[in-house]
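Below is one structure; the comments refer to it alone.
Right, dumping it as structure tokens:
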């Protein structure tokens, strides 16, 4: 097996794993977002210090950034699959050129 073929397979496996990353974070992210709206543990002290709103805003920001990260991972996975396909095609073309040169 050529190096390009091995690289293509490695990229495809990595892309597949990266595309599944959101599956592993979906529930924790949902729980995190739900918890950001239930900060009752701060009680009166949190309200007096206006810390509750700041913490809620911070948690909402982290949740948004995580969703953005999921989109980035999805784009990276697609790019890696495209490069993998290009390597596969290049490997085929190089093999055909080598056969034509011998024949």
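Residue numbers (the working numbering): 1 to 103.
Built from N, CA and C at the ideal position, the CB exists for glycine as well.
Note that the coordinates shown come from a computational prediction; the quantities given were computed from them, not determined experimentally.
In this structure, how does DSSP classify residue i when only helix, strand and coil are distinguished?
i, result
"residue 70", "helix"
"residue 16", "helix"
"residue 89", "helix"
"residue 103", "coil"
"residue 1", "Interpretation of residue 1 is limited by its pLDDT of 48, a score under 50 that renders its predicted location unreliable; the figure taken from the coordinates is listed afterwards. In this structure, residue 1 counts as coil in the three-state DSSP scheme."
Report the CB separation of residue i from residue j in whole angstroms; it is logged as a contact under 8 Å.
i, j, result
"residue 106", "residue 34", "Shown here, the chain extends from 1 to 103; a query on residue 106 therefore has no answer."
"residue 100", "residue 18", "Rounded, the Cβ-Cβ distance is 37 Å, inconsistent with contact."
Between the options, which lies nearest to residue i when the distance is taken from Cα to Cα?
i, options, result
"residue 28", "66, 13 and 81", "66"
"residue 73", "21, 99, 26 and 89", "21"
"residue 25", "53, 55 and 69", "69"
"residue 32", "57, 97 and 94", "57"
"residue 13", "51, 55 and 79", "79"
What does the Cβ neighbour count give for residue i, buried or exposed, with the cut at 16 atoms within 10 Å?
i, result
"residue 87", "buried"
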